[in-house]
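When you read off a place in the sequence shown, starting at 1, and then add 167, the result is the number in my numbering. Backbone N, C-alpha and C fix where the C-beta goes; we use that ideal spot for every residue, glycine too.
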Amino acid sequence: CYRVQNMGHCSSKLVIPDKLPKDQPKLSPYLPDARTDYIQVVFDFDSLLPRSVIANLIVKNHQDIRRTQTGQQLVWQRGVMLAAQTLQAQARLQVDYYARQLSLQVWGEQRRDYLAVLRAQVNQFKVNMKGLGVAEYVILPERALCERDNAVRVKKTAARVPYKRLESEFFTEKRRFIRSDDGKRYDLNKVMGFIMSEEQQKAAMNVTVHGNVGAIGGTGDRQQLSGHVTTHSVDQQVLQAYQEHLAQLMKDIGEHQADFMIKVDAYNELQQIRTLLERLVATPEAVNETERSQLQQLLSSVKDGTLGAIKLAKEIKSAGDTLTWLLAKAGTVSTLLAGMGVAL
């Protein structure tokens with residue numbers, strides 16, 4: 168559950184996802200029009216789509232829930248409309264229990280960044296719920312359809328391709344084209360440009376993948392920093408090591424036996440640090456003051472041990488060395504970023 172916020176202040180009203188309205192509210196005034204670019208990703212669940220998935224996503228993102236002009240929250244039992252507070256992006260999350268599918272639509276100037284955040288949240292369910300079979304697909308944009316295939320197309324269909332195959336063929340196999348599940352040919356560079364910015368692609372090119380292409384984009388085990396800011400090799404090694412230790416702690420938390428929502432919150436705190444660090448090193452000019460302040464607060468909370476993820480990690484014996492290193496280096500990372508001209 169979560170508390171309703173009015174004008175930035177929490178009220179005494181608690182919202183329980185299972186008690187939300189069953190009927191979907193009128194969404195048409197708030198959805199993207201035909202001229203708006205939006206990214207669509209779907210998650211197909213093998214045998215069961217737990218009702219806790221959408222409920223936990225609603226709770227996790229409750230501060231971003233979009234409101235109507237009259238103040239009504241656009242949220243119901245099977246879905247939610249979001250307007251990110253820290254990014255210029257909006258999203259729609261909705262489940263179809265009959266089809267065992269969760270769909271995600273994201274649009275806005277920073278839609279690719281918001282996509283990475285929401286994908287990380289959804290993919291965390293696979294870590295926390297053992298044996299949960301989930302296949303992720305990207306709905307391919309019409310603009311990337313090759314001319315020859317476009318000319319013979321009879322009707323418009325939502326062609327899709329597995330997300331892992333998309334990343335594998337682009338980053339590992341270096342292919343120029345990709346075939347959708349229905350056989351159409353798409354320009355792979357255009358597809359990747361649609362779902363990843365150039366900065367995200369450059370960072371992904373340096374990813375160290377450990378048996379999981381899903382590490383690309385910050386959802387896997389290890390990730391290297393790359394970008395336009397020049398640093399000394401020793402400084403770069405420290406920043407890289409910090410990212411790797413954060414990733415290891417995320418893995419330890421995922422395997423730890425604890426309350427599900429506490430683990431989700433901890434995982435997302437660490438993921439937020441990783442994402443902000445990567446963006447600050449790659450394109451510091453694209454990070455606003457609010458995000459810089461968030462990173463400063465997060466690193467300070469790591470250093471003094473008050474971050475929720477750090478408190479949880481103290482319960483994990485196997486995370487002892489990783490935790491000690493992260494606590495010791497939090498101040499160093501802040502200093503390094505300041506020395507690189509990334510004012511925090």
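Cβ-based neighbour list, residue i, same chain, cut-off 8 angstroms, excluding 5 preceding and 5 following
i, result
"residue 494", "469, 470, 472, 477"
"residue 246", "191, 221, 259, 260, 261, 262"
"residue 431", "223, 227, 288, 291, 295"
"residue 359", "333, 337, 368"
"residue 129", "This structure gives no information on residue 129, because the portion of the chain shown stretches from 168 to 511."
"residue 364", "279, 280"
"residue 429", "475, 479"
Whole-number beta carbon distance between residue j and residue i, since they are thought to touch under 8 angstroms
i, j, result
"residue 312", "residue 328", "In fact, because the Cβ distance is near 12 angstroms, the residues do not count as touching under 8 angstroms."
"residue 342", "residue 355", "6 angstroms"
"residue 196", "residue 244", "Wrong, their Cβ atoms sit about 21 angstroms apart, outside the cutoff."
"residue 276", "residue 255", "4 angstroms"
"residue 425", "residue 465", "With 8 angstroms as the limit, residue 425 and residue 465 do not qualify as a contact, their Cβ atoms being about 20 angstroms apart."
"residue 447", "residue 462", "7 angstroms"
"residue 405", "residue 499", "6 angstroms"
"residue 419", "residue 300", "Between residue 300 and residue 419 the Cβ distance is about 24 angstroms, and since that is not below 8 angstroms, they are no contact."
Member of the options whose CA lies at the smallest distance from the CA of residue i
i, options, result
"residue 490", "501, 475, 503, 502", "475"
"residue 352", "310, 410, 272, 500", "310"
"residue 211", "325, 435, 302", "302"
"residue 273", "421, 435, 200", "200"
"residue 433", "451, 404, 459, 482", "482"
"residue 422", "485, 452, 202", "485"
"residue 269", "504, 337, 225, 455", "225"
"residue 293", "427, 497, 487", "427"
"residue 410", "497, 455, 459, 453", "497"
"residue 435", "267, 314, 286", "286"
"residue 235", "229, 194, 504, 267", "194"
"residue 198", "335, 267, 266, 271", "271"
"residue 314", "453, 335, 344, 297", "344"
"residue 501", "335, 467, 452", "467"
Continuous beta strand (DSSP E) stretch holding residue i: start and end
i, result
"residue 248", "246-250"
"residue 303", "301-306"
"residue 483", "Run containing residue 483: none; DSSP gives neither H nor E here."
"residue 327", "327-329"
"residue 446", "Where residue 446 is concerned, there is no enclosing beta strand (DSSP E), although the alpha helix (DSSP H) it sits in stretches over 427-449."
"residue 270", "268-274"
"residue 344", "344-346"
Residues near residue i by beta carbon distance below 7 angstroms, same chain, minus five either side
i, result
"residue 250", "231, 233, 257"
"residue 362", "206, 279, 282, 305"
"residue 408", "none"
"residue 176", "Its pLDDT being 44, under 50, residue 176 is placed unreliably by the model, and nothing is read from it."
Range covered by the alpha helix (DSSP H) that runs through residue i
i, result
"residue 361", "355-362"
"residue 454", "Premise fails: residue 454 is in no alpha helix (DSSP H) and is neither H nor E."
"residue 259", "Unbroken run through residue 259 is the beta strand (DSSP E), 257-263; no alpha helix (DSSP H)."
"residue 212", "Segment 205-212 is the beta strand (DSSP E) holding residue 212; no alpha helix (DSSP H) there."
"residue 232", "Note, residue 232: premise wrong, no alpha helix (DSSP H); not H, not E."
Cβ-based neighbour list, residue i, same chain, cut-off 6 angstroms, excluding 5 preceding and 5 following
i, result
"residue 241", "192, 233, 248"
"residue 492", "412"
>> Closer than 8 angstroms is the cut-off here; do at least three beta carbon pairs connect the region 253-267 with the region 213-220?
In response: yes
> Taking contact to mean at least 3 C-beta pairs separated by less than 8 angstroms, is the region 438-446 in contact with the region 404-416?
Replying inline: yes
> Per the contact definition of three or more C-beta pairs closer than 8 angstroms, is the region 204-211 in contact with the region 275-295?
Replying inline: yes
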